[in-house]
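S.K.:
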Amino acid sequence: MSTTRIHHKFSVAEYDDMVENAILSEEDRVELICGEVVEKMTIGKQHAGCVNQLTQLLVLRLQGPAIVSTGR
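Each residue of the sequence shown is one higher than the one before, counting from 34 in this note's numbering.
Here it is, written out as C-alpha cells:
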C-alpha cells in the first residue's frame, strides 16, 4: 500500500502565529525556508570559520556607511 504525503507551505504570518500560540517556541531551532519549517543546522567549526572570514572580507570591502551583521 502506498501513502501520499501532503506538504503545506506556510506563510510568514502562519509561522509567526505558530510562535505566538506556543506551537513553536523561540527556543526551537527551526526556521521558515520557502514555506517549509526546517530544523536549523548546528553551527560547527567550519561554518563559524567561514562566517568569520566572510564578515572580515565584507568589512574590508564595504569601507564606508555599511553595517555587517552576522546574526549572532
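Built from N, CA and C at the ideal position, the CB exists for glycine as well. For clarity, every value in this text was computed on a predicted model and none was experimentally measured.
Taking the alpha-carbon of C67 as reference, which of Q89, E47, T103 has the nearest alpha-carbon?
M.R.: Residue E47 is the option with its Cα nearest to C67.
S.K.: V71 and E12 - do their beta-carbons sit closer together than 8 Å?
M.R.: In the structure as shown, the chain begins at 34 and stops at 105. Residue 12 is therefore absent and cannot be evaluated.
S.K.: Could you check where the beta strand (DSSP E) with L65 kicks off and where it finishes?
M.R.: Segment 63-66, the beta strand (DSSP E) holding L65.
S.K.: How long is the line joining the alpha carbons of I39 and L57, rounded to whole angstroms?
M.R.: Approximately 20 Å between the Cα atoms of the pair.
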